[in-house]
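Numbering (our numbering), first residue to last: 133 to 227.
Cβ coordinates follow ideal geometry from the N, Cα and C atoms, glycine included.
Shown next, in structure tokens, is the structure this report addresses.
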Ligand SMILES: [Zn+2]
């Protein structure tokens, strides 16, 4: 998960600082190619308000969830993002 330092870390959508107490969406690293159009938004933090209004939100959530399904942890859990940017920990059903 992206490291967040209130007052210093900036929102990857609006570029303003994330302040203590802001409701945020934080993403884990999941993109290898830095030319990827979603590269600025992975391993980052965004104000939830910005995220909700973001034109790329739905595509980002789909992409995030697609990549996370490939990153299942040893205990069978993986992250799934809801459309509001919150993260749910899911468990892969046993094969
Ligand atoms: Zn913002």
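| query | To the nearest angstrom, how far is it from the Cα of residue 203 to the Cα of residue 210? | reply | Counted from its first residue, the chain shown places residue 203 at position 71. Counted from its first residue, the chain shown places residue 210 at position 78. Rounded to whole angstroms, residue 203 and residue 210 show a C-alpha spacing of 7 Å.
| field | Completely contained beta strand (DSSP E) runs for the stretch 146 to 204, where each covers 3 or more residues | value | Qualifying beta strand (DSSP E) stretches, in chain order: 156 to 158, 177 to 179.
| query | Would you say the beta carbon of residue 174 comes nearer than 6 Å to a heavy atom of ligand 1? | reply | Here residue 174 refers to the residue found at position 42 when the chain shown is read from its first residue. Checking every heavy atom of ligand 1 against the Cβ of residue 174, none is found closer than 6 Å.
| Looking at C-alpha atoms only, which residue of 147, 151, 156, 136 is the closest neighbour of residue 216? | By 1-based counting over the chain shown, the position of residue 216 is 84. For the residues 147, 151, 156, 136, the minimum Cα distance to residue 216 belongs to 156.
| When burial is assigned at 16 or more other CB atoms within 10 Å of the CB, is residue 188 buried or exposed? | In the chain shown, counting from the first residue as 1, residue 188 sits at position 56. Residue 188 should be labelled exposed.
| query | Is residue 209 helix, strand or coil when you go by DSSP? | reply | By 1-based counting over the chain shown, the position of residue 209 is 77. Reduced to three states, the DSSP call for residue 209 is strand.
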